[in-house]
Amino acid sequence: MILEVAIIDVTDPGGFIEAYKGVREVLVGTPGCQSVRMTHCVESPDRFVLLVHWDSVAAHEDNFRATDRFTTWRAAISPFFAGPPRVEHFDDID
Numbered sequence: 001m002i003l004e005v006a007i008i009d010v011t012d013p014g015g016f017i018e019a020y021k022g023v024r025e026v027l028v029g030t031p032g033c034q035s036v037r038m039t040h041c042v043e044s045p046d047r048f049v050l051l052v053h054w055d056s057v058a059a060h061e062d063n064f065r066a067t068d069r070f071t072t073w074r075a076a077i078s079p080f081f082a083g084p085p086r087v088e089h090f091d092d093i094d
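Oh and the sequence shown: position 38 is 38 in full-length UniProt numbering, straight run, nothing missing.
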């Protein structure tokens, strides 16, 4: 399993939260998506961290990013971005 970590700085936290809640199921319903968690920074209220467990990096890229699901997702939340999110994939260390 792979953990996608996206650090997202926004211009309007309330608007971003509302948009995320409205489009969350698009991400959750993606084949290969195991879990989704959005967190909100206490010290920096304009910062969020999205944590998504995927079956693999390919599941994220092929089943989500290369589809209309990503287009729908991005169209809903990107108006609130203060800049491009930083997105990286992590693997567990045994």
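Positions of the beta carbon are idealized from the N, C-alpha and C atoms, including for glycine.
Those residues which DSSP pairs with residue i across a bridge
i	result
Phe9	The sequence shown places Asp at residue 9, not Phe. Looking at the DSSP assignment, Asp9 forms a beta bridge with Arg47.
His40	Phe48
Phe81	Val10
Leu3	His53, Phe90
Per-residue DSSP class, three states only, for residue i
i	result
Val52	strand
Ile93	coil
Contact belief for residue i with residue j at Cβ below 8 Å, rounded distance in angstroms
i	j	result
Trp73	Glu4	Contact doesn't hold; Cβ gap of about 13 Å is too wide.
Pro31	Asn63	5 Å
Val42	Val52	Their Cβ separation, rounded to whole angstroms, is 21 Å, which puts Val42 and Val52 out of contact at 8 Å.
Phe80	Gly29	Actually they do not touch by this definition, with Cβ atoms about 22 Å apart.
Ile2	Val87	The pair is not a contact, with the Cβ atoms about 12 Å apart (cut-off 8 Å).
Val23	Ile77	7 Å
Residue i Cβ short of 7 Å to the ligand HEM heavy atom set
i	result
Ser78	Ligands in the displayed structure: none, and consequently the ligand HEM is not present.
> Given 8 Å as the limit, is there contact between the region 3–23 and the region 41–61, that is, 3 or more CB pairs closer than that?
Replying inline: yes
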